[in-house]
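Undergrad: Residue numbers (the working numbering), protein chains in the order written: chain A, 163 to 273; chain B, 96 to 208.
Can you keep this structure in mind? I'll have questions shortly.
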Amino acid sequence: SQQGEEDPQALSIQEGENATMNCSYKTSINNLQWYRQNSGRGLVHLILIRSNEREKHSGRLRVTLDTSKKSSSLLITASRAADTASYFCATGGGSNYKLTFGKGTLLTVNP
Amino acid sequence: NAGVTQTPKFQVLKTGQSMTLQCAQDMNHEYMSWYRQDPGMGLRLIHYSVGAGITDQGEVPNGYNVSRSTTEDFPLRLLSAAPSQTSVYFCASSPRLYTGELFFGEGSRLTVL
């Protein structure tokens, strides 16, 4: 069963705008990760945030984690057409070897 | 480095046939896993391995076998293919055992008629 659920399912914006995607999960986690998948390709790891962290930055990406609300958000600033992809959150807990993925958010950035 | 290599990229099978999806990584990662991706279902874990000789089941293991005789290779076997196994299969590896970041292959698209 899916642990994380992304919201919205699809998002369409103009180049230069910011894109925000959300992820909610149900049980306690060790860390939460975000991945990107371009059409027809494998997933690429973007960023990992640990359960004791609240915010993390990587280039134009900003991830927040609120363990009290069991939610995370991914912000992509100044979007580019090349950011068009599906974005997935993935969660893992404690001594669990299993990383569980959500169903993804399809982001379309229009030039 | 090649990273994670999956073969074949595309395969069409008839119901009842068997086949093996190959996965190899050259990063000396201990952890390897197989996921399937279906429309509207996200990625679901089939089997995983935390080292040579050690495998375990994921969320949807039925109809699939795995083995891990070397650190580099983690093949996925379909014993008797069914139309419900039509999917895109991804192999992934990680340098860390406890839910570290995954490195994915490009996927193998399987159609079972």
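We put the beta carbon where it would ideally sit given N, CA and C, even for glycine.
Does residue 168 of chain A pass the burial test, meaning 16 or more other C-beta atoms within 10 Å, or should it be called exposed?
TA: Locating residue 168 of chain A in the first sequence gives position 6, where the first residue counts as 1. That one is buried.
Undergrad: Under 7 Å, do residue 203 of chain B and residue 116 of chain B count as touching if we go by C-beta distance?
TA: Against the second sequence, residue 203 of chain B aligns to sequence position 108. Against the second sequence, residue 116 of chain B aligns to sequence position 21. Closer than 7 Å, so yes.
Undergrad: Hey, would you say residue 210 of chain A sits closer than 7 Å to residue 199 of chain A, going by beta carbons?
TA: For the purposes of this step, residue 210 of chain A is taken as residue 48 along the first sequence, with counting starting at 1. For the purposes of this step, residue 199 of chain A is taken as residue 37 along the first sequence, with counting starting at 1. No, the pair does not count as a contact, with Cβ atoms beyond the cut-off.
Undergrad: Going along the stretch 203-227 of chain A in order, which residues come within less than 8 Å of chain B, judged by CB to CB distance?
TA: The residues in question are 203, 204, 205, 206, 207 and 210.
Undergrad: Are the C-beta of residue 107 of chain B and some C-beta of chain E separated by less than 7 Å?
TA: The question asks about chain E, but that chain is absent: this structure's protein chains are A and B.
Undergrad: What residues from chain B crowd round residue 195 of chain A, counting only those whose CB sits closer than 7 Å?
TA: In the first sequence, the residue the question calls residue 195 of chain A occupies position 33. Neighbours of residue 195 of chain A on chain B, chain order: 196.
Undergrad: Where do the N-terminal and C-terminal ends of the beta strand (DSSP E) with residue 151 of chain B fall, by residue?
TA: Translated into the one-based positions of the second sequence, residue 151 of chain B becomes position 56. Its beta strand (DSSP E) spans residues 149-152.
Undergrad: Quick test of the definition: if touching needs 3 or more C-beta pairs under 8 Å, does the stretch 138-152 of chain B touch the stretch 209-226 of chain A?
TA: no
Undergrad: Specify the secondary structure class of residue 245 of chain A as computed by DSSP and reduced to three states.
TA: Indexing the first sequence from 1 puts residue 245 of chain A at position 83. It is helical.
Undergrad: For residue 190 of chain B, I'd like the list of residues in its chain whose CB is within less than 6 Å of its CB, leaving aside the five on either flank, ordered along the chain.
TA: Reading the second sequence from its first residue, position 95 is the one you call residue 190 of chain B. The answer, listed in chain order, is 124.
Undergrad: With 7 Å set as the bound, which would you pick, yes or no: does the beta-carbon of residue 201 of chain B sit closer than that to a beta-carbon of chain A?
TA: For the purposes of this step, residue 201 of chain B is taken as residue 106 along the second sequence, with counting starting at 1. With 7 Å as the cut-off, residue 201 of chain B counts as an interface residue toward chain A.
Undergrad: Is the beta carbon of residue 244 of chain A closer than 7 Å to that of residue 178 of chain A?
TA: Residue numbering aside, residue 178 of chain A sits at position 16 when the first sequence is read from its first letter. Residue numbering aside, residue 244 of chain A sits at position 82 when the first sequence is read from its first letter. Going by C-beta atoms, residue 178 of chain A is not nearer than 7 Å to residue 244 of chain A.
Undergrad: For residue 187 of chain B, write down the residues that DSSP places opposite it in a beta bridge.
TA: Numbered from 1 along the second sequence, position 92 holds the residue referred to as residue 187 of chain B. In the DSSP output, where bridge partners are listed per residue, residue 187 of chain B has B/128 and B/199.
Undergrad: By Cβ distance below 7 Å, which residues in the same chain neighbour residue 160 of chain B in space, the five residues on each side in sequence not counted?
TA: The sequence position of residue 160 of chain B within the second sequence is 65, counting from 1. Counting only Cβ-Cβ distances below 7 Å, and skipping sequence neighbours, we find 172 and 174.
Undergrad: For a test of the three-state rule: what should DSSP assign to residue 112 of chain B, helix, strand or coil?
TA: Here residue 112 of chain B refers to the residue found at position 17 when the second sequence is read from its first residue. Coil.
Undergrad: Taking the DSSP output, what are the residues bridged to residue 216 of chain B?
TA: Nothing can be reported for residue 216 of chain B, as the shown portion of chain B is limited to 96 through 208.
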